[in-house]
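**Student:**
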Amino acid sequence: MLRFVLARLALIPPMLLGVSLLVFVVLRLGPGDPALDYLRLSQVPPTDAALLDARAMLGLDRPFAVQYLDWLWRALHGDFGLSYATRRPVLPDLLGYLPATLELAGTALVVSLALSLPLGAWAAAHRGLWQDRLVRGIAVLGVSLPNFWVAFLLVVVFSVTLGWLPAMGSGTIAHLVMPALAIGLMSLSVNARLLRASMLEAAGGRHVLYARLRGLSERAVTRRHVFRNALVPVVTATGMHVGELLGGVLVVETIFSWPGVGRYAVSAIYDRDYPVIQCFTLVMTVVFVLCNLAVDVAYAWLDPRIRLGDDAA
Amino acid sequence: MSKLASLAVAVFLAFAVAPAASQTLTYSWPTNVGPLNPHLYAPNQMFAQASVYEPLVKYRADGTIAPWLATAWTVSADGRTYDFTLRPGVTFSDGTPFDAAAVKANFDAILANRARHDWLDLTRQIDRTEIAGPLAFRLVLKHPHDPTLRELALPRPFRFVSPAAMGEGGTTAAGLKAPVGTGPWRLVATRLGVSDTFAANPSYWGGKPGFERLVVKVIPDPNTRAIALQTGEIDLVYGAAGQIPSEAFLRLRAQAPAFSAAVSTPLATRVLALNSARSPTDDPAVRLAINRAVDKDTLVRTVLDGIEPRADFLFAPSVPDADLGLAPHGFDPAAAETLLDAAGWVQQADGVRAKGGRALAVELDFVGTNAQQKAIAEVIQADLARIGIAVRLVGEEESAILARQKDGRFGLIFGETWGPPYDPASFLSAMRAPSHADYQAQKGLPDKAGIDAAITAALAATDPAERKRLTAKVLTALHETAVYLPISHAVAIEVHRSTVAGVAFGATLNEIPFAGMHPASATAGR
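Heads up: the protein sequence lines correspond to chains A and B, in order. First residue of the first sequence? That's 53 in the numbering used here, and the numbers climb one at a time after it. First residue of the second sequence? That's 347 in the numbering used here, and the numbers climb one at a time after it.
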């Protein structure tokens, strides 16, 4: 197991190198000119002289290879350059924003799991009855509604009409509720539906029949032989949902004025702020790799038949 | 007295003596305000720069210039030398005196970074600056430059930071030690992505602001901003009409007296520039027909929710030197069709006119993410289809549209005049530079050289009557050649909660008169 984890971690640096080059190239292949965006943000008319000055200031007047190698050399020393839009060092700002985003995405994940597992199990236990239909209905809605729309709907109901929750900002648990729910609803719905299906499938297995024949209580059968086996696909889905959650954060943070990395990245994309997009992509690559690794480890723990690496041989 | 009763009295007294009104004004902006360097651009936000730093002279809504940090000035007969008398007793918020030496140090710092300010004519016109006495400052230009005082009034770059707060060697291009100005507000805290906090400057020469603190929350989304105002997270929305969605503005305006809402007088003009150097808009008849075929009243009422007034000319009549009494190209589709018929554009079976085998089709470029521009473009497309002009809509990113404006790759393209204090002189001045959409749109006019020469002469004119005559000549030519389709006049909006009083519009969009605002309950005591 340890060797597997270390091998996966060792893959991160070459992966980052590849990603950095790819992002660097793709950004510059697109149409548009960051110097023009800088002048737009500055509300300065883009005269030729102003453009030349802005390009020199942003370091865009140098050949592509020089730009990349210079950026790479500095990045290896922990300096990811200055944001074009804020003229502040990128990495400290990004790391400053990251905890708020992880807090939000983490809460969304917890909310999603904490609600989806009981809902899924409840539906499976009442197959075909109203409970089952209710959960399936919620699941269909949750998957179909775009998260930003859910966010606005929640704001209208809980902030504007009822006045129970703050409409924007951060700092207290009350501030977390709506954004986390808006982001987590999709994952919640998929997981509830998935757990229901997989519990029903597991319940029909011969090991369950045998467990019952052994005279185990229904509660023990469900918990040890149905639920635990049914969790494996849910873990896979959750691993994939981490991406969805972080993607949802990008949009929902803007709506709730949440001071996270998503909002930073969205405005960077809009303003063609290359240094921020480059650094953001690398940080997100690391986050994704680590999340996938965590999912793989959780697999092995849930299902002993899955062997990670060859250390068990 | 029982304990309970005394407690009740204590609680009552606590409420009775507590200040009924908050001493904090909460506003919002899409980003943090930046490090607040008066001599640099993004990420410094203009409204915040203008709250901390002040100009020598102030632009007023009627187009005149008022004394500010300079109490008086004289201009030499040749229009090249400006002598300013500085206001006595003014200090920067760090205690440094504001004097001619401080003014000179600021001009030196600005001009040391001349290329950054090249877009502004005045930077190119400055020959030298001199200290003519402790409170006397002299500015010498290379040539007479009519907009000098208006350009000195801009939020940037000609404003003043304490020389003690400048960077190494008295420069500001690489940053300041601290944002220290003479203005009514001091920046005291910045929380990244959350808010910026300003405190009232107790030693402000113009009197202490009505609020102790000004908190500017970071809210990027217009819908969220509207909801924040409604739920009391912020007290005030103020700025360009896009600050909140227009339907939210109308909804809040209907909720008086909890909210007060107002629309400013016209600040700028939204136009479509028609490319006179490209077919088919190189044909004056086509440009005139486009001007007569668009039903602006309906457009303004529906797409713009009636918040912005219809525009008939490039500049609103309230703009200095722009009230010429010309006849607008009114809405008259039949007249538009007659114009096209006479010019030889014949209606075809597919509903699109053609001439010499060439279809009457034109491309309209707009910012794809701007819902308002998209809606306006679609209305114009439908209006022009009715008279046989096919419009192809091209929605692109903002910087791609900027690039098109710069190099003339457009048929029709959205633009906006710069508003006060730039209109009309500085805006007209820019028409002479090929990097502007206006230059590109006008390039095909037979008398473009004459228009440019008249603008140059107007900028150098020292006699106001002569300047007015030349400006009228330019504006008349632009109107008659129909090289613009004026759509509406951009306005500023403000909505505030009933807890705030004294909200008024500034003379320009970028100067928000926070200092004059005060808690509503303070009104009773005044």
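Beta carbons: idealized from backbone N, C-alpha and C, even for Gly.
Measure the C-alpha to C-alpha separation of residue 366 of chain B and residue 867 of chain B and round it to an integer number of angstroms.
**Tutor:** The pLDDT assigned to residue 366 of chain B is 43, lower than 50, so where the model puts this residue is not dependable, and the model offers no usable value.
**Student:** Please identify, using Cβ separations under 8 Å, the residues of the stretch 59 to 73 of chain A that lie next to chain B, in order along the chain.
**Tutor:** If the cut-off is 8 Å between Cβ atoms, the stretch 59 to 73 of chain A has nothing near chain B.
**Student:** What in chain A is Cβ-close to residue 387 of chain B, meaning under 7 Å?
**Tutor:** Neighbours of residue 387 of chain B on chain A, chain order: 94 and 96.
**Student:** Please list the segments of the alpha helix (DSSP H) lying wholly inside the stretch 232 to 269 of chain A, counting only runs of 4 or more residues, in order along the chain.
**Tutor:** If we require 4 residues or more, the alpha helix (DSSP H) runs fully inside the stretch 232 to 269 of chain A come out as 258 to 265.
**Student:** In chain order, what are the residue ranges of uninterrupted alpha helix (DSSP H) at least 4 long that sit wholly in the stretch 696 to 737 of chain B?
**Tutor:** Those alpha helix (DSSP H) runs which fall completely within the stretch 696 to 737 of chain B and span 4+ residues are 717 to 732.
**Student:** In or out: residue 87 of chain A buried (at least 16 other Cβ within 10 Å) or exposed?
**Tutor:** Classification of residue 87 of chain A: buried, given that the 10 Å Cβ count is 16 or more.
**Student:** Which residues in chain A have a C-beta closer than 9 Å to the C-beta of residue 766 of chain B? List them in chain order.
**Tutor:** What residue 766 of chain B touches in chain A: nothing, since even the nearest Cβ is about 14 Å away.
**Student:** If you scan the stretch 561 to 606 of chain B from start to end, which runs of the alpha helix (DSSP H) of 4 or more residues do you find wholly inside it?
**Tutor:** Within the stretch 561 to 606 of chain B, the complete alpha helix (DSSP H) runs of at least 4 residues are 568 to 576 and 592 to 599.
**Student:** At the level of alpha carbons, what is the spacing between residue 399 of chain B and residue 458 of chain B?
**Tutor:** Computed Cα separation, rounded: 19 Å.
**Student:** Is there at least one Cβ from chain B nearer than 9 Å to residue 364 of chain A's Cβ?
**Tutor:** Caution applies to residue 364 of chain A, whose pLDDT of 42 falls short of 50 and renders its modelled position unreliable; the value that the coordinates give is listed next. So no, residue 364 of chain A is outside the interface.
**Student:** Got a sec, what are the start and stop residues for the alpha helix (DSSP H) residue 554 of chain B sits in?
**Tutor:** Careful: residue 554 of chain B lies outside any alpha helix (DSSP H) and carries neither H nor E.
**Student:** Output needed for residue 212 of chain A: all residues of its chain with C-beta closer than 8 Å, excluding positions within five of it in sequence on either side, in chain order.
**Tutor:** Here the set comprises 219.
**Student:** Just to check my reading of the structure: residue 817 of chain B and residue 770 of chain B have Cβ atoms closer than 8 Å, yes? What is that Cβ distance to the nearest angstrom?
**Tutor:** The Cβ separation is near 6 Å, so the contact holds.
**Student:** If distances are taken between C-alpha atoms only, which option among A/200, A/345, A/150 and A/330 comes closest to residue 70 of chain A?
**Tutor:** Answer by Cα proximity: A/330.
**Student:** Whole angstroms are fine: how far does the CA of residue 323 of chain A sit from the CA of residue 438 of chain B?
**Tutor:** Approximately 35 Å between the Cα atoms of the pair.
**Student:** Using a 10 Å radius around the Cβ and a threshold of 16 neighbouring Cβ atoms, would you call residue 76 of chain A buried or exposed?
**Tutor:** Buried: at least 16 other Cβ atoms inside 10 Å.
**Student:** Between residue 717 of chain B and the ligand HEM, is the CB less than 8 Å from at least one heavy atom?
**Tutor:** With respect to the ligand HEM, the structure shown offers nothing to examine, as it has no ligands at all.
**Student:** Looking only at its own chain, which residues have a Cβ that is under 8 Å from the Cβ of residue 360 of chain B, when we skip the five neighbours before and after it?
**Tutor:** Low local confidence applies: a pLDDT of 42 at residue 360 of chain B is under 50, so the model's placement there is unreliable, with the coordinate-based value given in what follows. Around residue 360 of chain B: no qualifying Cβ.
**Student:** Select from A/174, A/242 and A/215 the residue whose C-alpha is nearest the C-alpha of residue 161 of chain A.
**Tutor:** Here the closest residue by C-alpha is A/242.
**Student:** Are the beta-carbon atoms of residue 784 of chain B and residue 776 of chain B separated by less than 9 Å?
**Tutor:** For residue 784 of chain B and residue 776 of chain B, yes; Cβs fall inside 9 Å.
**Student:** Out of B/812, B/696 and B/637, which has the shortest C-alpha to C-alpha gap to residue 674 of chain B?
**Tutor:** When only C-alpha atoms are compared, the closest one is B/637.
**Student:** Thinking C-beta only, is residue 176 of chain A closer than 9 Å to residue 248 of chain A?
**Tutor:** Yes, they are a contact pair.
**Student:** For residue 64 of chain A versus residue 157 of chain A, is the C-beta spacing smaller than 9 Å?
**Tutor:** For residue 64 of chain A and residue 157 of chain A, no; Cβs fall outside 9 Å.
**Student:** Looking at C-beta atoms only, is the number of pairs between the stretch 693 to 702 of chain B and the stretch 727 to 739 of chain B that lie closer than 8 Å three or more?
**Tutor:** Counting Cβ pairs under 8 Å, three or more are found: they touch.
**Student:** Give a yes or no on whether 9 Å exceeds the smallest Cβ distance from residue 221 of chain A to chain B.
**Tutor:** By this cut-off, residue 221 of chain A is an interface position.
**Student:** Between the stretch 829 to 836 of chain B and the stretch 566 to 576 of chain B, can you find at least three pairs of beta-carbon atoms closer than 8 Å?
**Tutor:** The answer is no - the stretch 829 to 836 of chain B does not touch the stretch 566 to 576 of chain B, with fewer than three Cβ pairs under 8 Å.
**Student:** If you measure from the beta carbon of residue 110 of chain A to each beta carbon in chain B, is any gap under 9 Å?
**Tutor:** Taking Cβ atoms only, chain B never reaches closer than 9 Å to residue 110 of chain A, which makes this a no.
**Student:** What are the start and end residues of the alpha helix (DSSP H) that includes residue 687 of chain B?
**Tutor:** Run containing residue 687 of chain B: 679 to 688, per the alpha helix (DSSP H) assignment.
**Student:** Where residue 392 of chain B and residue 172 of chain A are concerned, what is the direct C-alpha to C-alpha distance, given to the nearest angstrom?
**Tutor:** Going from the Cα of residue 392 of chain B to the Cα of residue 172 of chain A covers about 53 Å.
**Student:** Pull out every residue of the stretch 128 to 144 of chain A whose Cβ sits closer than 9 Å to any Cβ of chain E, in chain order.
**Tutor:** The displayed structure is made up of protein chains A and B, and chain E is not among them.
**Student:** Cα separation between residue 815 of chain B and residue 797 of chain B?
**Tutor:** Answer to the nearest angstrom: the Cα atoms are 13 Å apart.
**Student:** Please report the Cβ distance between residue 530 of chain B and residue 501 of chain B, rounded to the nearest whole angstrom; I am assuming they are in contact, meaning their Cβ atoms lie under 8 Å.
**Tutor:** Wrong, their Cβ atoms sit about 14 Å apart, outside the cutoff.
**Student:** Check whether the Cβ of residue 610 of chain B lies closer than 9 Å to any Cβ atom in chain A.
**Tutor:** So no, residue 610 of chain B is outside the interface.
**Student:** Anything in the stretch 444 to 472 of chain B with a Cβ closer than 7 Å to a Cβ of chain A? List those residues in chain order, please.
**Tutor:** Listed by position, the residues of the stretch 444 to 472 of chain B near chain A (Cβ gap below 7 Å) are 461, 462, 464 and 465.
**Student:** Evaluate residue 405 of chain B with the Cβ neighbour count: other Cβ atoms within 10 Å of its Cβ, from every protein chain shown; 16 or more gives buried, anything less gives exposed.
**Tutor:** Residue 405 of chain B should be labelled buried.
**Student:** For residue 462 of chain B, tell me which candidate among B/409, B/518 and B/475 has the shortest Cα-Cα distance.
**Tutor:** Comparing Cα positions, the closest option is B/518.
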